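Notes for the one structure printed next.
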Amino acid sequence: LEGGVLGLMRIAFQNMGSGGIDATWSKAIEGLRHAFRRLQQINTASRSRRNVQRHYDLSGELYRLFLDEDMQYSCAYFEQPDMTLEEAQAAKKRHIAAKLRLKAGHTVLDIGSGWGGLGLYLAKAFDVDVQGVTLSTEQHGVATDRAHAQGLENHVHFELKDYRELNERFDRIVSVGMFEHVGVNHYRTFFDKAATLLKPDGVMLLHTIGRSGVPWATSAFIRKYIFPGGYIPAMSEVLPAIEKSGLVVTDVEILRLHYADTLKHWGQRFAANRDKAKAIYDERFCRMWEFYLAASEAAFRWQDLVIFQFQITKKNDTLPMTRDYMAKCEKALEMRDMGHREAAPVEKPVKPARRRKVAE
Numbered sequence: 001l002e003g004g005v006l007g008l009m010r011i012a013f014q015n016m017g018s019g020g021i022d023a024t025w026s027k028a029i030e031g032l033r034h035a036f037r038r039l040q041q042i043n044t045a046s047r048s049r050r051n052v053q054r055h056y057d058l059s060g061e062l063y064r065l066f067l068d069e070d071m072q073y074s075c076a077y078f079e080q081p082d083m084t085l086e087e088a089q090a091a092k093k094r095h096i097a098a099k100l101r102l103k104a105g106h107t108v109l110d111i112g113s114g115w116g117g118l119g120l121y122l123a124k125a126f127d128v129d130v131q132g133v134t135l136s137t138e139q140h141g142v143a144t145d146r147a148h149a150q151g152l153e154n155h156v157h158f159e160l161k162d163y164r165e166l167n168e169r170f171d172r173i174v175s176v177g178m179f180e181h182v183g184v185n186h187y188r189t190f191f192d193k194a195a196t197l198l199k200p201d202g203v204m205l206l207h208t209i210g211r212s213g214v215p216w217a218t219s220a221f222i223r224k225y226i227f228p229g230g231y232i233p234a235m236s237e238v239l240p241a242i243e244k245s246g247l248v249v250t251d252v253e254i255l256r257l258h259y260a261d262t263l264k265h266w267g268q269r270f271a272a273n274r275d276k277a278k279a280i281y282d283e284r285f286c287r288m289w290e291f292y293l294a295a296s297e298a299a300f301r302w303q304d305l306v307i308f309q310f311q312i313t314k315k316n317d318t319l320p321m322t323r324d325y326m327a328k329c330e331k332a333l334e335m336r337d338m339g340h341r342e343a344a345p346v347e348k349p350v351k352p353a354r355r356r357k358v359a360e
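Rendered as structure tokens:
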């Protein structure tokens, strides 16, 4: 087949349109799947742990074959179309950090901390203390080793823990690529807990895959082979849960084709290292993974999948009235990343702040 799986997906999706196949029988089936989607997302703490292990506890060597050097397994931010994957992932971290408006001495909670890249970056760039939580044993081990290797073990601590078990309060909360595993049944719980964990003047940044269209059920392939218990929300499903928690949405950004380009890079890297992946698993796994990456790219490129970035606070006067501070911080971080340490955007408190040691 000329063009491979991605080419086939393009033909199929472009003929379907963003609303799916326009046939009465198809709409009826999808209607039933949508109605029963909540039964597939009863993500209790124990089930969430099992679901995460199915995907994120695969060999770390597999992910190193197609991710960037920092092992960012979420949408990159392509400020320029010719950026490398490494450059775009670094830009993503800057983009998120700028929205958090961090200051030295802040405590930061990273929900779904992955292999630790974002937490380590924030600690180095802003002199903050980070506590990351994950349900993946594999990711927890790698992240902890990285913190020790970089000499940040006193400032960045990763725990194998469900966010629902936390009781501390934090100046900032960030969650990237984790909300897709919460499940629509548990959105209210997620934001209620976030409201409890966030200090009165705190800021939260939620980065999640979403739908630009109406709510839709998770595909059977993704649910069975890739992300059991996973669900991609429409904005109409997220905002009511935030409102009921008493939190305030201060900024919403929708990243459209950034994940399509991210997945394109991942697919190319996986193809270049396919023999190594086959040596770790087998031919069947490689075909499944290729289909997953191609189908995901197609859904972002020709269907209704996007990235939502919600900036959230507890009060409407916590942040400046304009977004200028975001651009200034991103530029300063870019200069820092280029080696100009004097441009590091660390805002020092007027009085020395007593560092709060992250609980171990």
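Residue numbering for the sequence shown follows my numbering, beginning at 1 and increasing consecutively.
Just so you know, even glycine gets a beta-carbon here, dropped at the ideal spot from N, CA and C.
Model, not experiment: these values are computed from the prediction.
Helix, strand or coil for residue i, going by three-state DSSP, please let me know.
{"i": "HIS157", "result": "strand"}
{"i": "ILE232", "result": "coil"}
{"i": "GLY202", "result": "strand"}
{"i": "GLY114", "result": "coil"}
{"i": "ARG169", "result": "coil"}
{"i": "HIS207", "result": "strand"}
{"i": "LYS80", "result": "It is worth fixing the name first, because residue 80 is Gln in this sequence and not Lys. In the structure shown, GLN80 sits in coil (DSSP, three-state: anything other than H, G, I, E or B)."}
{"i": "VAL238", "result": "helix"}
{"i": "GLN14", "result": "helix"}
{"i": "PHE66", "result": "coil"}
{"i": "GLY132", "result": "strand"}
{"i": "LEU255", "result": "strand"}
{"i": "PHE310", "result": "strand"}
{"i": "LEU333", "result": "helix"}
{"i": "LEU120", "result": "helix"}
{"i": "VAL184", "result": "helix"}
{"i": "LEU305", "result": "strand"}
{"i": "VAL176", "result": "strand"}
{"i": "GLY151", "result": "coil"}
{"i": "THR107", "result": "strand"}
{"i": "THR137", "result": "helix"}
{"i": "VAL5", "result": "helix"}
{"i": "THR322", "result": "coil"}
Counting only the same chain and skipping the five closest in sequence on each side, list residues whose C-beta sits under 7 Å from that of residue i.
{"i": "MET326", "result": "ALA98 and LYS99"}
{"i": "LYS244", "result": "ARG188"}
{"i": "GLU334", "result": "ARG94"}
{"i": "ALA125", "result": "ALA97, LEU333, ARG336 and ALA344"}
To the nearest angstrom, how far is the alpha carbon of residue i from that of residue j?
{"i": "ARG64", "j": "ALA149", "result": "18 Å"}
{"i": "GLY105", "j": "GLY339", "result": "23 Å"}
{"i": "LEU305", "j": "GLN14", "result": "14 Å"}
{"i": "LEU293", "j": "LEU205", "result": "26 Å"}
{"i": "THR250", "j": "LYS224", "result": "36 Å"}
{"i": "ALA195", "j": "LYS314", "result": "7 Å"}
{"i": "SER296", "j": "ASN167", "result": "36 Å"}
{"i": "ALA260", "j": "LEU239", "result": "25 Å"}
{"i": "LYS163", "j": "MET235", "result": "Here residue 163 is Tyr; the residue named in the question, Lys, does not match the sequence. TYR163 and MET235: Cα-Cα distance of roughly 22 Å."}
{"i": "PHE78", "j": "ALA90", "result": "10 Å"}
{"i": "PHE310", "j": "HIS157", "result": "25 Å"}
{"i": "PHE270", "j": "LYS278", "result": "11 Å"}
{"i": "GLU61", "j": "TRP266", "result": "14 Å"}
{"i": "HIS140", "j": "HIS186", "result": "24 Å"}
{"i": "ILE222", "j": "TRP289", "result": "11 Å"}
{"i": "GLY119", "j": "LEU67", "result": "17 Å"}
{"i": "SER219", "j": "PHE227", "result": "10 Å"}
{"i": "LYS193", "j": "LEU85", "result": "34 Å"}
{"i": "ALA45", "j": "PHE191", "result": "16 Å"}
{"i": "ALA6", "j": "LYS328", "result": "Looking at the sequence provided, one finds Leu at residue 6 rather than Ala. Rounded to whole angstroms, LEU6 to LYS328 spans 38 Å at the Cα level."}
{"i": "ILE11", "j": "ALA88", "result": "28 Å"}
{"i": "GLU283", "j": "ASP127", "result": "45 Å"}
{"i": "PHE285", "j": "HIS258", "result": "26 Å"}
{"i": "ALA241", "j": "GLY213", "result": "18 Å"}
{"i": "GLU330", "j": "LYS103", "result": "14 Å"}
{"i": "THR322", "j": "ASP145", "result": "39 Å"}
{"i": "GLN303", "j": "GLU237", "result": "19 Å"}
{"i": "ARG287", "j": "ASP275", "result": "12 Å"}
{"i": "TRP25", "j": "ALA76", "result": "In this prediction, TRP25 has a pLDDT of 49, which is less than 50 and means its spatial position is unreliable; nothing more can be read from the coordinates."}
{"i": "ASP201", "j": "GLN268", "result": "43 Å"}
Looking at residue i: is its Cβ nearer than 8 Å to the Cβ of residue j?
{"i": "ILE173", "j": "ILE111", "result": "yes"}
{"i": "LEU372", "j": "ARG101", "result": "There is simply no residue 372 to check, as the chain begins at 1 and stops at 360 in what is shown."}
{"i": "ARG143", "j": "GLY116", "result": "Looking at the sequence itself, residue 143 is Ala, so the reference to Arg does not match. Closer than 8 Å, so yes."}
{"i": "ILE307", "j": "GLY183", "result": "no"}
{"i": "ALA147", "j": "GLU138", "result": "no"}
{"i": "VAL252", "j": "ASN316", "result": "no"}
{"i": "SER74", "j": "HIS207", "result": "yes"}
{"i": "LEU230", "j": "HIS181", "result": "The sequence as given places Gly at residue 230; Leu does not occur at that position. Their beta carbons are under 8 Å apart, which means GLY230 touches HIS181 by this criterion."}
{"i": "SER59", "j": "ILE312", "result": "no"}
{"i": "ALA298", "j": "MET71", "result": "no"}
{"i": "PHE300", "j": "LEU263", "result": "yes"}
{"i": "THR134", "j": "LEU109", "result": "no"}
Apart from the five residues just before and just after residue i, which ones in its own chain have a Cβ nearer than 6 Å to its Cβ?
{"i": "ALA123", "result": "VAL130, LEU152, HIS155 and VAL156"}
{"i": "ALA199", "result": "In the sequence on display, residue 199 carries Lys and not Ala. Around LYS199: ARG169 and ASP171."}
{"i": "TYR121", "result": "LYS93"}
{"i": "SER175", "result": "ILE111, GLY112 and LEU206"}
Tell me which residues share the same chain as residue i and place their Cβ nearer than 8 Å to its Cβ, disregarding the 5 neighbours each side in the sequence.
{"i": "GLY4", "result": "ALA294"}
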